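Student: In the working numbering, the protein residues as written are 3 to 457.
The beta-carbon is built from N, C-alpha and C at its ideal position, and this holds for glycine as well.
From a predicted model like this one, the values you see are computed outputs, not experimental measurements.
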Amino acid sequence: MKKYDAIIIGFGKGGKTLAGFLGNKGYKVALIEKSKEMYGGTCINVGCIPTKILVEESQKFKYKNLLNFESKEVEFKKVIETKDEIISKLREANYNKLNSIQNVDIFNGEGSFETENEIKINYGESSEVIFGDKIFINTGAKTVVPDILGLKDTRNIYDSTSIMNLKTLPKKLAIIGGGYIGLEFASIFNNFGSEVSVIEGNKDILLREEPEVREEIKGDFSKRGINIFSGTKVISIKNNDLDQVEISIEVDGELEVVIFDSVLVAVGRKPNIENLSLENAGINYSDKGIEVNEFLETNVKNIYALGDVKGGLQFTYISLDDFRIVTNQLFGDKTLSTKTRKVIPYSVFISPTLSKVGLSEKEAIENGYDVKTNILKATQIPRAKILQEERGILKVIIEKESDKILGATLYSVESSEVINIIALAIKEGKKSSYLKDFIFTHPTMSEALNDLFLL
Numbered sequence: 003m004k005k006y007d008a009i010i011i012g013f014g015k016g017g018k019t020l021a022g023f024l025g026n027k028g029y030k031v032a033l034i035e036k037s038k039e040m041y042g043g044t045c046i047n048v049g050c051i052p053t054k055i056l057v058e059e060s061q062k063f064k065y066k067n068l069l070n071f072e073s074k075e076v077e078f079k080k081v082i083e084t085k086d087e088i089i090s091k092l093r094e095a096n097y098n099k100l101n102s103i104q105n106v107d108i109f110n111g112e113g114s115f116e117t118e119n120e121i122k123i124n125y126g127e128s129s130e131v132i133f134g135d136k137i138f139i140n141t142g143a144k145t146v147v148p149d150i151l152g153l154k155d156t157r158n159i160y161d162s163t164s165i166m167n168l169k170t171l172p173k174k175l176a177i178i179g180g181g182y183i184g185l186e187f188a189s190i191f192n193n194f195g196s197e198v199s200v201i202e203g204n205k206d207i208l209l210r211e212e213p214e215v216r217e218e219i220k221g222d223f224s225k226r227g228i229n230i231f232s233g234t235k236v237i238s239i240k241n242n243d244l245d246q247v248e249i250s251i252e253v254d255g256e257l258e259v260v261i262f263d264s265v266l267v268a269v270g271r272k273p274n275i276e277n278l279s280l281e282n283a284g285i286n287y288s289d290k291g292i293e294v295n296e297f298l299e300t301n302v303k304n305i306y307a308l309g310d311v312k313g314g315l316q317f318t319y320i321s322l323d324d325f326r327i328v329t330n331q332l333f334g335d336k337t338l339s340t341k342t343r344k345v346i347p348y349s350v351f352i353s354p355t356l357s358k359v360g361l362s363e364k365e366a367i368e369n370g371y372d373v374k375t376n377i378l379k380a381t382q383i384p385r386a387k388i389l390q391e392e393r394g395i396l397k398v399i400i401e402k403e404s405d406k407i408l409g410a411t412l413y414s415v416e417s418s419e420v421i422n423i424i425a426l427a428i429k430e431g432k433k434s435s436y437l438k439d440f441i442f443t444h445p446t447m448s449e450a451l452n453d454l455f456l457l
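Next comes the structure, spelled out in structure tokens:
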């Protein structure tokens, strides 16, 4: 039996970074990944990177003067080929980077627990068991498949992974699920030229976002021709004689049938724990993921979980920060934990981008803060005019007494960059006057913070 100082199950952001770190420190490391198509993890292969390539390329379509759907289909196919080429190179680079480290062995198979120190690697027709002093689980998350009558037997149904491999642009696309993933793809395919409809079971989309921002986004989606079916239940799905997809929906107690060329199911993602045989090691888990403490330790000594598999926020940068926490506990001053991770910005790459950090106005009030707010329209920002993208609205939440920044929501072009400035200010406990009086370069979107914080 091969023995290792550390076994890492999953080639995700946290896992691969940890493997490289430990390998370079002289530790003997085994990294197990069941799919060669997932070297580098979800973000590189089927998440952040490929979707953002599609976001950027789709936004260029309005400048290409594509007059008919057929010409859009041709360009769409080129975009997919470009995306595949970029991802292939990144995947190869990720593999080569780790494979070049003498102390790191990469296994192409599916890992599962035999005991708390022994991992079985299933290669399909064969298997082997290896031993590890410490074991780190980084298997990520996978798509939730809803229980809809006929779904599994219907053609032209996609999830957030398979839809990025389409070679043909759908004329009419339905997206079941109005969460962040669903809305990103709605924006992408609308930009490409598809007629897009979003079917959402809740009474509205973006219920966690500021109401002013939510209404602005809904208005923009409507102007773009993106249909939102809120408060809508999907009853069944099937193919008709033309190989289209018929969706039976219920709205306000009334049944109707809507027809599309393709359907994206985007109702969420769940921790990928099903084939790990966690019970063989006595590891506690639930439907929400592997249970860990603030140091990412499971209930079993020397077994850790990083990234989406432990539940919580599903962001690549959280997985990377999990790596920081683990290495700080093992080799550092033991000051980092999930409890010290308080300021986490995020962005949703619709067009323009929605970004948020900290508390919303409602959340701040519920937490007992006496607040003041300010709103700035993107039309007032010179850089937005230069970029010819004046859609959007920016909102900030300030505590009245201390003047400290509590949160912000930015719906505007380049907000994914600007939000990090506000996040840093919040983390450092800065007052709103800090950003109000800060000298930014001109003309930039970040200089809009001068006006946004002019309360």
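(1) Give the single residue among I139, L356, E130, L153 whose Cα lies nearest to the Cα of E217.
(2) Look at V247 and V260 and say whether their C-beta atoms are less than 7 Å apart.
(3) Taking the DSSP output, what are the residues bridged to G113?
(4) Could you spell out where the beta strand (DSSP E) holding T234 opens and where it closes?
(5) From K374, L389, T375, pick the residue whose C-alpha is nearest to that of T381; which is it?
(6) Would you tell me roughly how many angstroms separate the C-alpha atoms of T446 and R210, rounded to the nearest one?
(7) Report yes if the CB atom of K205 is closer than 7 Å to the CB atom of S232, and no otherwise.
(8) Out of D155, V76, A268, K235, which has the shortest C-alpha to C-alpha gap to G180?
(9) Taking the continuous alpha helix (DSSP H) assigned at D245, which residues delimit it?
(10) Please list the segments of the beta strand (DSSP E) lying wholly inside the segment 352-418, counting only runs of 3 or more residues, in order along the chain.
(11) Do the segment 350-364 and the segment 324-334 meet, that is, are 3 or more Cβ pairs less than 8 Å apart?
(12) Need the endpoints of the beta strand (DSSP E) that S128 sits in, please.
(13) Here's a check: name, in chain order, each residue in its chain whose Cβ is nearer than 6 Å to the Cβ of E120, leaving out the five neighbours to either side.
(14) Does F187 pass the burial test, meaning 16 or more other C-beta atoms within 10 Å, or should it be called exposed?
(15) Would you grab the beta carbon distance between I89 and I51 for me? Rounded to a whole angstrom, and I think it's under 8 Å.
(16) Can you have a look at N274 and say buried or exposed, based on whether 16 or more other CB atoms are within 10 angstroms of its CB?
(17) With distances taken between CB atoms, is the gap from L100 to G28 smaller than 7 Å?
(18) List, from N- to C-terminal side, the beta strand (DSSP E) runs of 3 residues or more that fit wholly inside the segment 6-81.
(19) Count the other CB atoms within 10 Å of the CB of D289; is the residue buried (16 or more) or exposed (fewer)?
(20) List the DSSP bridge partners of Y160.
(21) If you check the beta carbons only, do I292 and K312 fall under 7 Å apart?
(22) When we look at the beta-carbon of E252 and count the other beta-carbons within 10 Å, is it buried (16 or more) or exposed?
(23) Out of N96, S418, Y6, S349, which has the shortest C-alpha to C-alpha gap to I47?
(24) In chain order, what residues of the same chain have a beta carbon less than 6 Å from the beta carbon of G394, not counting five sequence neighbours either side?
(25) Going by DSSP, which residues form a beta bridge with N229?
(26) Following the continuous alpha helix (DSSP H) through S321, name the residue where it begins and the one where it ends.
(27) Ordered along the chain, which non-local residues of its own chain (more than five positions away) have a Cβ less than 8 Å from that of F71?
(28) Which value, in whole angstroms, describes the spacing of the CA atoms of I219 and S418?
(29) By alpha-carbon positions, which one of G142, L185, I139, N376 ends up nearest to D222?
(30) Could you give the C-beta distance for L396 and I377, rounded to a whole number, given that I count them as a contact under 8 Å?
(31) May I ask which residues mark the beginning and end of the beta strand (DSSP E) holding L437?
(32) Since E403 and D372 should fall inside the 8 Å C-beta cutoff, what is the C-beta to C-beta distance between them, to a whole number of angstroms?
(33) Is DSSP giving E449 helix, strand or coil here?
(34) Could you check the C-alpha separation between S73 and S164 for me, to the nearest Å?
(35) Which residues in the same chain have their Cβ closer than 8 Å to the Cβ of L68, if we skip the five residues on either side of it in sequence?
(36) Just to confirm the assignment, what range does the beta strand (DSSP E) spanning L175 have?
Tutor: In this structure, then:
(1) L356
(2) no
(3) G113 is bridged to I123.
(4) Residues 234-241.
(5) Measuring C-alpha to C-alpha distances from T381 to each of K374, L389, T375 identifies L389 as the nearest.
(6) 28 Å
(7) For K205 and S232, yes; Cβs fall inside 7 Å.
(8) A268
(9) Here D245 belongs to no alpha helix (DSSP H), and DSSP marks it neither H nor E.
(10) 355-360, 373-379, 395-401, 407-414
(11) no
(12) No beta strand (DSSP E) contains S128, which DSSP labels as neither H nor E.
(13) V131, F133
(14) buried
(15) 7 Å
(16) buried
(17) no
(18) 31-35
(19) exposed
(20) L266
(21) Their beta carbons are under 7 Å apart, which means I292 touches K312 by this criterion.
(22) exposed
(23) According to the sequence displayed, residue 47 carries Asn and not Ile. Of N96, S418, Y6, S349, the residue nearest in Cα terms is N96.
(24) Result list for G394: P354, A380, Y413, S414, in chain order.
(25) S199
(26) Here the alpha helix (DSSP H) through S321 covers 318-333.
(27) L171, K173, G195
(28) 16 Å
(29) L185
(30) Correct: roughly 7 Å between the Cβ atoms.
(31) It is not in any beta strand (DSSP E) - L437 instead sits in the alpha helix (DSSP H) that spans 434-438.
(32) 6 Å
(33) In the structure shown, E449 sits in coil (DSSP, three-state: anything other than H, G, I, E or B).
(34) 23 Å
(35) Within the same chain, K74, E77, G195 come within 8 Å of L68 by CB-CB distance, once the 5 residues on both sides are set aside.
(36) Counting along the chain, the beta strand (DSSP E) containing L175 begins and ends at 174-178.
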